[in-house]
Ligand SMILES: *Cc1c(COP(=O)(O)O)cnc(C)c1O
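In the numbering used here, the protein residues as written are 32 to 429.
Laid out in structure tokens, this is it:
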């Protein structure tokens with residue numbers, strides 16, 4: 032009998048009871064705006080920023096309206112100006128080049144390796160041509176951060192990190208988001224904490240933090256922030272920094288705080304699921320698993336594999352056959368952008384040189400979400416289905 036999987040790849044877990052209770056308290060108070068506090072009260076949003084600063088070890092944290100907003104805010108606060116060239120990953124999600132475009136800067140794409148990380152040789156070649164790198168830890172893959180930081184230091188390139196998929200991840204013990212001048216996170220539903228929409232910016236740089244808070248739309252109420260620099264720092268930039276409203280509100284913050292408190296346990300659950308799928312795909316002919324370096328702590332909220340040098344038809348056949356059995360795979364290499372997947376050549380506002388070695392890899396990337404609503408048994412079923420269908424198509428092609 033043919034096994035069929037019936038779970039939903041887009042179904043996340045419910046918000047924890049503590050988050051629902053905290054959200055109800057905010058709703059009952061009517062004080063949803065982060066600066067709307069009663070006498071002696073500290074807003075949930077300010078407490079959330081303190082929590083996340085403590086989790087990551089950053090001096091400063093500001094909660095924002097989305098991850099994409101955090102990226103643009105970090106660039107503005109760091110001093111990226113219109114027309115500046117900003118290096119970024121060719122393998123990333125559309126909001127990353129979109130944030131670079133939002134500040135009027137020019138995305139310059141850097142290639143991707145078979146390990147699905149930024150190609151450091153290509154970065155080395157391009158580093159002299161730019162002052163900035165928006166490093167996207169796409170799908171949670173961390174590159175050799177020691178070498179990357181050495182390259183960037185040598186060329187005077189300032190690094191900002193897109194940690195949308197690495198909340199909870201680290202490289203040799205340093206949390207992602209703590210290598211660059213700023214780290215940006217998303218709390219959008221499909222990331223590692225879920226408030227529908229939302230984001231964080233973390234930094235140790237007090238001027239950057241003050242600018243980011245002013246940019247976020249603090250209406251000169253910055254003294255109500257806690258994970259923030261001293262008022263004197265704001266004094267130096269408050270007349271010079273535009274308000275570009277992108278705040279988080281107390282309702283989202285209330286939903287997020289219990290989730291952050293539980294992040295380590297959730298990471299372990301994701302990684303248990305990832306390990307089951309990864310083991311189930313081992314030694315599948317024609318399928319390349321992604322190697323994970325020992326220095327990396329990752330969060331297995333999604334899994335990727337490569338169908339290297341397969342024809343478009345064969346890749347489409349695998350996707351169709353898996354879909355018919357309930358397994359939803361995404362193809363990053365599809366010529367036409369669809370849903371969350373797109374290639375650098377579909378961002379035509381940011382023309383790029385061709386990168387044939389990267390194109391070969393991007394064409395081969397197949398991606399799958401692993402929501403925590405799946406059990407480890409579900410994950411074993413999914414791996415069996417992928418394995419059978421990849422083998423089936425590859426036999427047919429042979
Ligand atoms: C989701 C995502 C973002 C942006 O986050 P939003 O909160 O959706 O704006 C940025 N980078 C990557 C890689 C993402 O997946």
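Every residue gets a Cβ at the ideal spot worked out from N, C-alpha and C, and that includes glycine.
Distance, residue j Cα to residue i Cα
i	j	result
residue 369	residue 424	23 Å
residue 304	residue 401	7 Å
residue 386	residue 239	34 Å
residue 203	residue 328	8 Å
residue 19	residue 427	This structure cannot speak to residue 19, because the chain is shown only from 32 to 429.
residue 97	residue 340	36 Å
residue 177	residue 395	27 Å
residue 143	residue 298	25 Å
residue 104	residue 315	43 Å
residue 392	residue 69	55 Å
residue 208	residue 215	7 Å
residue 89	residue 347	44 Å
residue 349	residue 319	14 Å
residue 40	residue 122	22 Å
residue 94	residue 249	11 Å
residue 169	residue 284	25 Å
residue 383	residue 139	7 Å
residue 377	residue 137	15 Å
Assigned exposure category for residue i - 16 Cβ within 10 Å defines buried
i	result
residue 234	buried
residue 153	buried
residue 374	buried
residue 252	exposed
residue 200	buried
residue 366	exposed
residue 197	buried
residue 184	exposed
residue 408	exposed
Same chain, Cβ closer than 6 Å to residue i, neighbours up to 5 away in sequence not counted
i	result
residue 126	99
residue 189	163, 212
residue 149	120, 141, 174
residue 292	none
residue 166	190, 192
Contacting residues, own chain, Cβ-Cβ under 8 Å from residue i (five flanking each side not counted)
i	result
residue 300	403
residue 246	104, 107, 108, 272, 273, 274, 275, 277
residue 182	151, 154, 155, 158, 188
residue 360	349, 350, 353, 354, 397, 398, 399, 417
residue 372	361, 362, 363, 365, 398
residue 306	331
Close Cβ partners of residue i (< 7 Å) along its chain, the five nearest in sequence each way excluded
i	result
residue 146	172, 321, 322
residue 220	43, 227
residue 264	237, 238, 241
residue 312	318, 320, 336, 414, 417, 418
Assess contact between the segment 243-263 and the segment 128-145, defined as three or more Cβ pairs (one per stretch) separated by less than 8 Å. Is contact present?
no
Do three or more CB pairs link the segment 109-118 to the segment 153-172 at distances below 8 Å?
yes
Would you check if there are 3 or more beta carbon pairs closer than 8 Å linking the segment 49-68 to the segment 274-294?
yes
Pair every Cβ in the segment 285-299 with every Cβ in the segment 380-400, then say whether three or more of these pairs are closer than 8 Å.
Segments in contact, no.
Taking three-plus beta-carbon pairs below 8 Å as touching, is the segment 38-49 in contact with the segment 220-231?
yes
If you pair each beta-carbon of the segment 409-417 with each one of the segment 340-360, do three or more pairs fall below 8 Å?
yes
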